[in-house]
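The sequence shown finishes on residue 933 if you use the working numbering, and the numbering steps up by one all the way, no holes.
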Amino acid sequence: MEIRVPDLGDFSDVEIIEVLVQAGATVAKEDGLITLETDKATMDVPSPENGVIESITVAVGDTVSTGDVIGSMTVNDGDAVASPAATELPTIEEVESSETAVREEPAASEPETITVPDLGDFSDVDVIEVHISDGDSVGVEDPLITLETDKATMDVPAPIAGTVQEVLVSVGDSVSAGSPVARVVPGGGETAPAKKADATPKTPKAAADGPAREPAASPAPVKTPAAAAPAVAPATPATLPAIDEAGFSRAHASPSVRKLARELGVDLAQVNGSGPKNRVLHDDVKAFVKAILSGGVAAPAAPAAALPAVPAVDFAKFGEIETVDLTRIQKISGPRLQASWINLPHVTQHDLADITDLENRRQQLKGPAKERGISLTPLAFVMKAVIATLKEFPKANASLSQDGKSLVLKKYCHLGFAADTENGLMVPVIRDADQMDVYELAQQLGDLSKAARDGKLKGDQLQGASFTISSLGGIGGTAFTPIVNAPEVAILGVSRSTMQPVWNGESFEPRLMLPLSLSYDHRVIDGAYAVRFTTFLSSALTNVEALLEAIP
382 MEIRVPDLGD
392 FSDVEIIEVL
402 VQAGATVAKE
412 DGLITLETDK
422 ATMDVPSPEN
432 GVIESITVAV
442 GDTVSTGDVI
452 GSMTVNDGDA
462 VASPAATELP
472 TIEEVESSET
482 AVREEPAASE
492 PETITVPDLG
502 DFSDVDVIEV
512 HISDGDSVGV
522 EDPLITLETD
532 KATMDVPAPI
542 AGTVQEVLVS
552 VGDSVSAGSP
562 VARVVPGGGE
572 TAPAKKADAT
582 PKTPKAAADG
592 PAREPAASPA
602 PVKTPAAAAP
612 AVAPATPATL
622 PAIDEAGFSR
632 AHASPSVRKL
642 ARELGVDLAQ
652 VNGSGPKNRV
662 LHDDVKAFVK
672 AILSGGVAAP
682 AAPAAALPAV
692 PAVDFAKFGE
702 IETVDLTRIQ
712 KISGPRLQAS
722 WINLPHVTQH
732 DLADITDLEN
742 RRQQLKGPAK
752 ERGISLTPLA
762 FVMKAVIATL
772 KEFPKANASL
782 SQDGKSLVLK
792 KYCHLGFAAD
802 TENGLMVPVI
812 RDADQMDVYE
822 LAQQLGDLSK
832 AARDGKLKGD
842 QLQGASFTIS
852 SLGGIGGTAF
862 TPIVNAPEVA
872 ILGVSRSTMQ
882 PVWNGESFEP
892 RLMLPLSLSY
902 DHRVIDGAYA
912 VRFTTFLSSA
922 LTNVEALLEA
932 IP
């Protein structure tokens, strides 16, 4: 039978970055055949059936679209046979053959446990809706439950058709990748390849790190999961530490590479990638294991111990107390802010900008802007000045590569801004802000701020920022240290403007001064660069007419 590229959604002419099989290879249904990469995602094209590959007609660097033929295969009538569970690291020979190992499919009459698929960096996600009940019939990709993070709402689809035997979650529960959702008795339709949860915005359909209903458990230091390839005692007593899940999730690798690493108990964060943009390939994982087994390299050290915990205190012994829950957004954003603060060496540069002329001009324009339904706030002008500054200082509009050896300079300018809501701090994103004039920026600020307060922001309105601004000017304060929103490398804090006496060379005169606080990642930006940034920004804020120029 011909093997074709499945539905890629809105994508076409997608580049092939890796070919995972060759003619003659035995594959199981859902095994990865080739890996594709768009500007938004990496995905494997899975095998549609169990069988033997007759030919692969594409190569690395080719581009494909939905329905394109990539090869052919002979379909096996029988089911693939499962491999016995491994208890130790595989030998070098087993590493070579691990990619062709297949799982035993459960009998059609036995219920299967459906689990939450790969959620990327998210964990402990709230279940806000359950769409099924015991006894319901479901089809492939029918929504089972709906999850909500601080960035998106997503459905968990059914990977198989069948009858729901038991629902295992309720509204209000928190789930992560691999958490059980329901038990379903298969029947009445085809089994779908495992995929990531169907989130907003939509991403191309693709195979995830493994079948959604049978995820491999995180391996213990010397064991691989039950779904791993056949293995025997290792040639040497090499052992591997437990996988650092945070580093594993950030590794630049395709779903099939992640699956192989799970099967072998390898922490992808420890593997040096040899593919494009330092991508970790199948051969990199196998070479890593073989080097350990042959004594070529020492097994990587276990992750460093966590920071000392704050001692627990019984506050009730000092007086009356009340315990209240943090909001959902606070529970999600708190750990991320802590991670950014710990991992990025923060430095903050403070400065003052004279916005006397800017404010006078803004007051003249407020009335006409209001008639057009636009609230012309000072922040819109600050954004316009920041855009001009980022063009002169591109390192502030960049991200450090995962290995810390290169800088990713972004040719786009998506500005995030902190919005205070009843449920906590949110950061909506104005995309392509450099293509907008000050009135359009003000309109976007108003629309996104209202959506944030109303809880109606969409997933794509909270993603992709290349630089963030946190303005407390409407509240007060003279200066503060904003936390960089990693993986960004800088953030601008804006405090309340005040009238101050400024020496003009002959006398003091009252000027409206705006405090600016630039926090930055010192691995990317040094002090001199930061000072030049704030100096240029302050100068840009004094050139009002330039800020009001229309976009050509």
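Ideal placement from N, C-alpha and C gives every residue a C-beta, glycine not left out.
From the options, pick the residue whose C-alpha is nearest to that of residue i; which is it?
i, options, result
"residue 726", "902, 651, 880, 514", "902"
"residue 797", "778, 509, 787, 790", "778"
"residue 366", "512, 389, 806, 560", "The first residue shown for the chain is 382 and the last is 933, placing residue 366 beyond what the model contains."
"residue 855", "848, 875, 839, 849", "875"
"residue 741", "904, 715, 924", "924"
"residue 383", "402, 456, 441", "456"
"residue 729", "541, 786, 910", "910"
"residue 794", "780, 815, 503, 665", "815"
"residue 714", "886, 416, 865, 541", "865"
"residue 521", "504, 539, 509", "539"
"residue 773", "759, 782, 790, 762", "790"
"residue 826", "846, 847, 800", "800"
"residue 845", "872, 568, 812, 828", "812"
"residue 776", "508, 557, 870", "870"
"residue 670", "694, 513, 645, 692", "645"
"residue 915", "536, 763, 747", "763"
"residue 515", "535, 550, 536, 498", "550"
"residue 803", "667, 668, 830", "830"
"residue 787", "849, 850, 904", "904"
"residue 850", "900, 886, 836", "900"
"residue 872", "652, 884, 767", "767"
I'd like the list of long-range same chain contacts for residue i, defined as Cβ closer than 6 Å, with 5 residues on each side in sequence excluded.
i, result
"residue 926", "none"
"residue 347", "No answer is possible for residue 347: it lies beyond the span of the chain, which begins at 382 and ends at 933."
"residue 895", "734, 736, 878"
"residue 702", "696"
"residue 570", "Below a pLDDT of 50, predicted positions are generally treated as unreliable, and residue 570, at 48, falls in that range; no measurement from the model is reported."
"residue 832", "838"
"residue 509", "527, 529"
"residue 882", "889"
Mark residue i as exposed unless 16 or more other C-beta atoms lie within 10 angstroms of its C-beta, in which case mark it buried.
i, result
"residue 912", "exposed"
"residue 543", "buried"
"residue 654", "buried"
"residue 371", "The chain is shown from 382 up to 933; residue 371 falls before or after that span and cannot be answered."
"residue 720", "exposed"
"residue 690", "exposed"
"residue 906", "buried"
"residue 411", "buried"
"residue 399", "buried"
"residue 500", "buried"
"residue 391", "exposed"
"residue 880", "exposed"
"residue 757", "buried"
"residue 918", "buried"
"residue 388", "exposed"
"residue 688", "exposed"
"residue 743", "buried"
"residue 656", "buried"
"residue 948", "Only positions 382 to 933 of the chain appear in the structure, and residue 948 is not among them; the question remains open."
"residue 667", "buried"
"residue 704", "exposed"
"residue 642", "buried"
"residue 694", "exposed"
Spatial neighbours of residue i within its chain, please: CB distance less than 7 Å, with the 5 preceding and 5 following residues excluded, ordered by chain position.
i, result
"residue 824", "755"
"residue 386", "426, 445, 446, 447, 448, 449, 451"
"residue 492", "546, 564, 565, 566"
"residue 765", "819, 822, 928"
"residue 437", "400, 402, 403, 404, 451, 452"
"residue 530", "503, 506, 713"
"residue 441", "397, 398, 399, 400"
"residue 738", "923, 925"
Take residue i and list the residues in its own chain whose beta-carbon comes closer than 8 Å to its own, dropping the five residues that flank it on each side.
i, result
"residue 724", "867"
"residue 443", "396, 397"
"residue 783", "631, 632, 633, 659"
"residue 750", "756, 757, 820, 823"
"residue 663", "399, 401, 480, 637, 638, 641"
Measuring only from the beta carbon, is residue i closer than 7 Å to any heavy atom that is part of the ligand ATP?
i, result
"residue 879", "No copy of the ligand ATP occurs in the structure displayed, which carries no ligand at all."
Subject >> Three CB pairs or more closer than 8 Å across the region 401-414 and the region 430-440 >> reply: yes
**OP:** Decide if the region 550-562 is in contact with the region 518-530; the criterion is three or more beta carbon pairs, one per stretch, under 8 Å apart.
**Re:** yes
**OP:** Enumerate, from N- to C-terminal direction, the unbroken alpha helix (DSSP H) stretches of 4 or more residues contained entirely within the region 773-839.
**Re:** 819-834
**OP:** Could you pull out every unbroken beta strand (DSSP E) segment of at least 3 residues lying fully inside the region 683-770, listed in chain order?
**Re:** 727-735
Original post:
Does the region 828-846 come within contact of the region 857-864, defined as at least 3 CB pairs closer than 8 Å?
Top reply: no
**OP:** Would you list, in sequence order, the uninterrupted beta strand (DSSP E) runs of no fewer than 3 residues that lie entirely inside the region 860-922?
**Re:** 871-875, 879-884, 889-902
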